[in-house]
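So for the sequence shown, this note's numbering puts the first residue at 13; every next one is plus one. For reference, the structure is listed below as structure tokens.
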Amino acid sequence: MDGEEMPSTFTLRIERLVYGGDGLGRHEGKVVFVPFSAPGDTLLVRPVEEKKNFVRASAVRVLDPGPGRTDPACPHFGACGGCHWQHLEYAQQVEAKRGILEELLHHKFPETSGLPVSMKPSPRPFGYRSRARMRFARIGADAAVGFFRGGSHTVLDIDHCPLFRPSLNEALKALRVRLGSPGAGREAGEIDIACSEQEGSWAAGPGGTLRRQVGGFTFRLTPDVFFQANDFLVEDLAGAVAAAARNCDPAAALDLFAGVGLLSLPLARTFRKGVAVEGSPSACRLLRSNVAEAGFGHLQTVCADVAEWMQGTEQRDFGLVVLDPPRSGAGERVMEQLRRWRPARIVYVSCDPQTLCRDLARLVPDPYRIESVEGLDLFPQSYHFETVVRLARV
């Protein structure tokens, strides 16, 4: 179709889902991406953007639905930017994520082609979230509170989210009242909310400390610091990391991007010495409190930028290094320092398989090999997921 204009509409069959949430089909030699589509769908689509090698299109009509298509649970689905896959049966979401992870890893690292890739489903595909970042905009005396509309910075007003835990929906209602009252302050912005269903409590903004029990440990946290949002898989994630740390030299372990200690505390049970490094001052204060409450005097906490701390630190003889960076990944400086230090084992926890593969390419296949890969679906109804990768020094 080089040099030819795309038709105003055309029929397309969706083959599979890709990272980012779109369905993928092919038309006249070009790949076509369609949001809110399902594998096996036959759609009437309209092109919205045409590039040299691909086309982005929107679905005009579902001519023949795929076998995994279902009715969304939320009336805001499609307009709200928070969810991508409510139109898919949950089992198909999980398999799509497993396939995406497998394809990315096997393509980037062909030597892993025989390595099994799993994806652990969430026990609850709805009602699992214990934290969220809410957007708000004041319009006269009213306040719109919710999430951005897809592809925009316009706030979609919602009064209930089916992904939220009950206490988090209570926080949303209270936030709406607070922001709609006279003298509420800013006209627009964002605010973090979090809850502890164990306590039956919630908090908004940087104030208000919550307590969570995970894996026998008590964690203090506030809405403005990172903590895994899925109440029903957070313990499994910590357990997957602890399992990946088995059979390592128990002398010393290092936890990078440690947060409030979700992974550090379980590791401290096994290792004689530990170091937990976190760059956020707010998270560091909570990390120190959580370590003290656990009684782990052998676990040192460091409040510093991870890359700068590594570059300013003499090589340590860590038997294990765990890292759980933000979505942007650990980055070149951290990965190159790990390459120089060459710990016997590395466990990388990632919420973005693309930045995961980018970072791992600095270590694999030399001087490390990938020993195991486990996905966990901490984000049902979206295309996001967590991955735990164990590396062994060659």
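Think of the CB as a built atom: it goes at the ideal place given N, C-alpha and C, for glycine as much as any other residue.
- Taken through DSSP and simplified to helix, strand or coil, His-119 comes out as helix.
- Taking all protein chains in view, the Cβ of Glu-114 is crowded by 16 or more other Cβ atoms within 10 Å, so the residue is classified as buried.
- The three-state secondary structure of Lys-109, taken from DSSP, is helix.
- Pairing Gln-104 with Phe-244, the inter-Cα distance amounts to about 19 Å.
- For Leu-36 and Ala-108, the gap between their C-alpha atoms comes out near 12 Å.
- For Ala-155, no alpha helix (DSSP H) segment is defined; the enclosing uninterrupted segment is the beta strand (DSSP E) at 154-160.
- By the criterion of a C-beta distance shorter than 8 Å, Asn-302 is surrounded in its chain by Phe-229, Thr-230, Phe-231, Arg-232, Val-272, Gly-273 and Leu-277, once the five residues flanking it on both sides are discounted.
- About 6 Å separates the CB atoms of Asp-389 and Met-131; that is less than 8 Å, so the two are in contact.
- Thr-54 places its beta carbon less than 8 Å from that of Leu-75.
- Nearest to Ala-263 by C-alpha distance, out of Arg-73, Thr-282, Phe-269 and Ala-255, is Thr-282.
- Excluding sequence positions up to five before and after Gly-201, its CB lies within less than 8 Å of the CB of Arg-147 and Phe-148, all in the same chain and listed in chain order.
- Taking Ile-26 as reference, the option from Asp-34, Pro-51 and Glu-17 with the minimal CA-CA separation is Pro-51.
- Looking from the CA of Gly-217, the closest CA among Val-226, Asp-204, Ser-208 and Gly-227 belongs to Asp-204.
- Beyond the five residues adjoining it in sequence on each side, Leu-375 comes within less than 8 Å, by CB distance, of Met-347, Leu-350, Arg-351, Ile-358 and Leu-403 in the same chain, given in chain order.
- Every unbroken stretch of the beta strand (DSSP E) spanning 3 or more residues and falling wholly within the stretch 296-359 is given here in chain order: 311-315 and 332-335.
- Within the model, the alpha-carbon separation for Tyr-380 versus Phe-121 is close to 12 Å.
- Sequence-distant partners of Val-226 (beyond 5 residues in either direction) whose C-beta falls short of 6 Å from its own C-beta, in its chain, are Val-246 and Glu-247.
- CA-to-CA, the gap between Phe-159 and Gly-309 works out to about 42 Å.
- The beta carbons of Val-46 and Asn-65 sit about 16 Å from each other, so the pair does not count as a contact at 8 Å.
- Judged by DSSP in its simplified three-state form, Lys-64 adopts coil rather than helix or strand.
- Burial check for Pro-133: the Cβ neighbour count within 10 Å reaches 16 or more, so the residue is buried.
- When the beta-carbon positions are compared, Gly-33 and His-96 come within less than 8 Å of each other.
- Residues of the same chain with a CB within less than 7 Å of the CB of Trp-321, apart from the 5 flanking positions on each side, are Val-289 and Val-314 in chain order.
- Short of 6 Å from the beta carbon of Leu-116, and not among the five residues preceding or following it, lie these beta carbons of its own chain, in chain order: Pro-365 and Cys-369.
- By the Cβ neighbour-count rule, Glu-344 is exposed, with fewer than 16 other Cβ atoms within 10 Å of its own.
- The beta carbons of Glu-101 and Thr-82 sit closer together than 8 Å.
- Gly-331 is positioned such that its CB atom lies closer than 8 Å to that of Ala-356.
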